[in-house]
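Below is one structure, written out as structure tokens; the observations come after it.
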Amino acid sequence: MKQLAYTIILLFLLSSCTYPCGKSDGFIINFISYTEQEASTYTVKRYSKGSSFSNLIDSMILDASVISYRLSNDTLQWTSSSSVANLRSDFDYRILIPATGSQYQITEVLEPQQEGRKSMKKPYCRNGIVSCKVNGVETNLSFDNLYLKK
């Protein structure tokens, strides 16, 4: 009887372990009050996090070959993209929109570490990016979507 009790306790302990969730796939930029022509091409410059934009890592041009948008009221919302359009929490970013001359600085991207609970099988869980600062102003993200207003 003791062995059965020990076995049950051991199974319970093993089945209730926690583990860290995986990193987010990154967030996507959406545009408020921009026309499709204005936001059809923009540049993303990636910097070392916390470097005050002094350590440029790389830059990329995002256009219709990489990301697609649809207009919903006054908002251009992404509908599909390649993974290169996802912005990760490991960096700071500068977004440049040549058609309007607009520039956004994105810093302090917050991705809290979550924990999953393991039962008999380990289900996959992932963290979400919940906020960042856009031009120094704290901004909440909605399901890994950042909305930039003109």
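Each residue of the sequence shown is one higher than the one before, counting from -15 in this note's numbering. Ideal placement from N, C-alpha and C gives every residue a C-beta, glycine not left out. Every value quoted in this text rests on a predicted model; they were computed, and no experiment measured them.
Select from the options the residue whose C-alpha is nearest the C-alpha of residue i.
i, options, result
"Gln98", "Ile90, Ile113 and Gln87", "Ile113"
"Asn124", "Met44, Ile13 and Gly6", "Ile13"
"Ile41", "Ala48, Asp47 and Ser32", "Ser32"
So for residue i, helix, strand or coil by DSSP?
i, result
"Val50", "coil"
Tell me, which residues are paired with residue i by DSSP?
i, result
"Cys116", "Thr123"
"Lys29", "Ser43 and Arg78"
"Pro4", "Glu99"
"Thr91", "Lys117"
"Ser65", "Ile51"
"Phe15", "Leu60 and Leu132"
Exposed or buried, what is residue i when buried is set at 16 or more other beta-carbons lying within 10 Å of its beta-carbon?
i, result
"Ile79", "buried"
"Val68", "exposed"
"Ala23", "buried"
"Thr84", "exposed"
Can residue i and residue j be called in contact, C-beta distance under 8 angstroms?
i, j, result
"Thr63", "Ser52", "yes"
"Val121", "Leu132", "no"
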